[in-house]
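Colleague:
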Amino acid sequence: MNQQHQSEALVFGRYLLNGIEPVDSAVVLYVQAMERLAIVPSSDEQRLLDRLLLHPMLLPLVDAGLALANPRSVIRRKLFVLSAILETQPAHAAVYLPYEHSPVQHLKAIFSAVFAGLRAAFGFILVKLIA
Amino acid sequence: MKDKLFDFIVVGSGCTGAMAAQTLVEHGAKVLMLDVGKKDERYKQVIPDLDFTSIREQKNDQHRIFLGDDFEGIPTPGVKTGAQLTPPRRYLMEGVSRWLPLLSDTFFPMESLAYGGLGGGWGLGCCVFSDAELQQSGMDSQRMAEAYQTVSRRIGIASASDDALPFTSGPLKDVMPAIEIDRGSSRLLSTYKKQKKGFNSRGFYMGKPALALLTEDKGDRKKLDYQDMEFYSDAKKSAYRPWITVDELKKHNNFTYVSECLVMRYAELGDAVSVSGIHTETGANIEFKARKLLLAPGVLGTARIVLRSANAVDQRLPLLSNPYCYVPCIQPRFLGSAMDRHTTGMAQLSLFHDPRGDQSDVGMASIYSYRSLMLFRVMEQAPLAFRDSRKLFQYLLPAIKIMGIHHTEKPGDQKYLQLQKASTYSGDSLKAVYILSETENQKVLSREQSFVKAMRSLGCYALSKIDPGHGSSIHYAGTLPFSEKEGMFTLAKDGRLHGSKSVYVADGSGFRFLPAKGLTLSLMANAHAVAKGLLNTESVHR
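Residue numbers (my numbering), protein chains in the order written: chain V, 1115 to 1245; chain P, 2 to 543.
1) Any beta-carbon of chain B closer than 9 Å to the one on P:Ile182?
2) In chain V, what lies closer than 9 Å to P:Ile75 by C-beta?
3) With a threshold of 16 other CB atoms inside 10 Å of the CB of P:Lys486, please say whether the residue is buried or exposed.
4) To be precise: take each residue of the segment 384 to 397 of chain P, compare its Cβ to all Cβ atoms of chain V, and keep it if any distance is under 7 Å. Which residues remain?
5) Label P:Val314 either buried or exposed according to how many other C-beta atoms from any shown protein chain fall within 10 Å of its C-beta, with 16 as the threshold for buried.
6) Quick one: which chain P residues come within Cβ less than 7 Å of V:Pro1212?
7) P:Tyr505 by DSSP, collapsed to three states: which one?
8) Does DSSP classify P:His542 as helix, strand or coil?
9) Please state whether DSSP places P:Ser322 in a helix, a strand or coil.
10) Can you list, in chain order, the stretches of the alpha helix (DSSP H) that have 4 or more residues and sit fully within the segment 56 to 91 of chain P?
11) So is the beta-carbon of V:Leu1124 under 8 Å away from any non-hydrogen atom of the ligand GTP?
12) With a threshold of 7 Å on Cβ separation, who are the neighbours of P:Ser451 within its own chain once the five nearest residues in sequence on each side are excluded?
13) Per DSSP, what kind of secondary structure is P:Leu51 in: helix, strand or coil?
14) Starting from the C-beta of P:Ile48, find all residues in its chain whose C-beta is less than 6 Å away, skip the five residues before and the five after it, and write them out in chain order.
15) Considering Cα atoms alone, identify which of P:Ile245, P:Tyr325, P:Gln443, P:Gly496 is closest to P:Tyr116.
16) Classify P:Arg222 as helix, strand or coil using the three-state DSSP reduction.
17) Note the first and the last residue of the continuous alpha helix (DSSP H) segment covering V:His1119.
18) Quick check on P:Ala230: buried or exposed, where buried means 16 or more other Cβ atoms within 10 Å of its Cβ?
19) Can you find the residues in the same chain that come closer than 7 Å, C-beta to C-beta, to P:Ala366, ignoring five residues on each side of it along the sequence?
20) In chain P, which residues lie less than 8 Å from V:Arg1132 when you measure between Cβ atoms?
21) Just list the residues that DSSP pairs P:Met177 with in beta bridges.
22) Please report the distance separating the alpha-carbon of V:Lys1192 from that of P:Ile475.
23) To the nearest angstrom, how far is it from the Cα of V:Val1125 to the Cα of P:Thr344?
24) Can you find a CB in chain P that lies within less than 9 Å of the CB of V:Phe1229?
25) Please return the same chain residues whose Cβ sits closer than 7 Å to the Cβ of P:Val506, not counting the five positions on each side in sequence.
26) With P:Glu288 as the anchor, note down where its beta strand (DSSP E) starts and where it stops.
27) Between V:Ile1239 and the rest of its own chain, which residues show a CB-CB distance below 8 Å, the 5 nearest in sequence each way excluded?
28) In chain order, which continuous runs of the beta strand (DSSP E) of length 3 or greater are located wholly inside the segment 418 to 457 of chain P?
29) So is V:Val1125 in contact with chain P if we call contact Cβ pairs under 9 Å?
30) Buried or exposed, going by whether 16 or more other CB atoms sit within 10 Å of the CB of P:Ser160?
31) Straight-line CA distance for P:Tyr227 to P:Asp163?
32) Please give me, in chain order, every unbroken run of the beta strand (DSSP E) with length at least 3 that falls completely inside the segment 225 to 274 of chain P.
33) Counting along the chain, where does the alpha helix (DSSP H) carrying V:Tyr1144 start and finish?
34) Note the first and the last residue of the continuous beta strand (DSSP E) segment covering P:Met380.
35) Starting from P:Ala21 and walking both ways along the alpha helix (DSSP H), at which residues does that stretch end?
36) Could you confirm whether any beta carbon from chain V is found closer than 9 Å to the beta carbon of P:Met60?
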């Protein structure tokens, strides 16, 4: 199995699932998808990708920044493909399927939306600085 | 078979080909159907008989259905016609880029070489055109009235007696009870009913859609089980698909079905017509003969065959296609709620805009709930980190309604097709130009704003407008318009191609005007009427 793609699946998976380890089947599918879909980063994107694999705590900001600055970047594409794969794993279904929110969860969702907007703004600045 | 003379050759197995062939076969005519006939051989067997949520919670191999074995269900960036097709429906577009070359910077249609044609992906909406609409389209109201009833009985239509009825299945008899709709849609409908007077005074009418979706068993077809898997599976045949009709026709001795045959051209030979094509697997030339030819491969396919047969390179044919956009809306009341486990992914509601009150210029919006096409397809649209986007849409999803808006369509100078010489297998390619005039654009925008306002009054707020490009309505017509006068590249009212003795067109090529209402039921009714008219003038050899 391609080691680089395997590392991406694990690091990106933990990020997308809020720290939960992605199931093995998702990792295998991600490696297959990268081969079939031929998503190849440019040298600049590869450098950023390597940095993100070394420092995963940067992922939320870089992902958010790229969503505004360069939504069609290879890193966003890779995250999108993994997100689609994770959604089809029964083990992770609960984090994708809608559920009845309690009043506290409603509040939490509203705060999350506000933080998501702030993260996008900070991420945008960070991505521009890196570029 | 090459030397056999059939009564009729029907080209295409889609909604119009299937309906015309059924009419002919039931009257004893010897019918040959020529079709490429691509099928889904890969996914049909792996779709479990479970509801969408159960599949998501339980099935380890669900990625095969939702993403595809080659991940073809993960959309590439940008919004394109057909991008919403799920892996089990991708066969609808198989072989199209190779066999049906089309050049355009302004028009992005969807064509199909599938068994059952584009009907395999039909949204199932059924609307009877009003007399005013039929007149503008060039069709005879009386002839169509009987045809609508026949087609409705054949395919099975579920419809409600509500405010949408005059725009949907109005005059049809023998309709089934309407589908059950989800909580969010019920809420919209009850709000509409409370404010009905105000809506009606602005020309808006809302109700449940008429759908070719069974709510009662019909022969071996089972009633809808609300598993929300209609975008993936037709296993129980609740939704009408043209291949159901063709499968039935194959049981008749007077019906012959030939697949892997792409019809290229025809030539009239006295009282007969010779049809030549290519075998799509071997590349061999093939030829068949009949007393009459019925073209029903879809409007663009018919244009190719007619222009090629007349050697009319560079001849312009008018082109009609309903302008279309979709508007994701949010119903705040349902934010963060659970979703109904048992529902349907097909249209939940229809909203009509009839400002003149005479059904001559009706706009139509179909309202859908969003779930079975998966979260990942919408997550990509948000300018947020994917993790934030996932959490946000998990919260938003039960409150999301998608409003698909269709507009009426008339011919224009900058809307046409041409056959051009090209270095393709056939030596030609269809060129399409489609540019709306400034006046048309203004009308489209103004109507979209009216629909957005109407939804806002119902407590449902537009988030954005997505324009998938011209041709995305998958409604095409008007290339060989109906005409009382004999003239090249026009049709007589009975579907005969002017200037020919034996060539008839059973698809939407003749429609001179496209109402905003879905046209599929009218296409099928017209195809039946064309076939029935032929039977009346032909002595069929039994």
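Backbone N, C-alpha and C define an ideal beta-carbon position, used for all residues, glycine too.
Modeller: In terms of the structure at hand:
1) The structure shown contains no chain B; its protein chains are V and P.
2) Near P:Ile75 (Cβ distances below 9 Å), the residues of chain V are Ala1147, Leu1151, Phe1194, Val1195, Ala1198, Ile1199.
3) So P:Lys486 counts as exposed.
4) Pro384, Leu385, Ala386, Phe387, Arg388, Asp389, Arg391, Lys392, Leu393, Gln395, Tyr396
5) exposed
6) Per Cβ cutoff of 7 Å: Ala339, Met340, Gln395, Leu398, Pro399.
7) strand
8) Per-residue confidence for P:His542 stands at a pLDDT of 47, beneath the threshold of 50, marking its modelled position as unreliable; the derived number appears in the next sentence. The answer is coil: DSSP assigns P:His542 none of H, G, I, E or B.
9) strand
10) 63 to 67
11) No copy of the ligand GTP occurs in the structure displayed, which carries no ligand at all.
12) His354
13) coil
14) Ile66, Tyr233, Ser234
15) P:Ile245
16) strand
17) 1117 to 1130
18) The displayed chain sequence assigns Met, not Ala, to residue 230 of chain P. With 16 or more Cβ atoms within 10 Å of its Cβ, P:Met230 is classed as buried.
19) Leu352, Met404, Gly405, Ile406, Phe452
20) A small correction: the amino acid at residue 1132 of chain V is Asn; Arg does not occupy that position in the sequence shown. Those are Arg388, listed as they occur along chain P.
21) DSSP, once it has assigned bridges, lists P:Ala159 as partnering P:Met177.
22) 31 Å
23) 36 Å
24) Any Cβ of chain P closer than 9 Å to the Cβ of V:Phe1229 would place that residue at the interface, and such an atom is present.
25) Leu296, Thr303, Leu481, Leu492, Gly496, Leu498
26) 286 to 296
27) Gly1179
28) 429 to 435
29) No Cβ of chain P is located within less than 9 Å of the beta carbon of V:Val1125.
30) buried
31) 22 Å
32) 256 to 259, 262 to 270
33) 1138 to 1151
34) First-last for P:Met380: 376 to 380, but that is the alpha helix (DSSP H), not the beta strand (DSSP E).
35) 16 to 27 is the extent of the alpha helix (DSSP H) around P:Ala21.
36) The sequence shown places Lys at residue 60 of chain P, not Met. So yes, P:Lys60 belongs to the interface.
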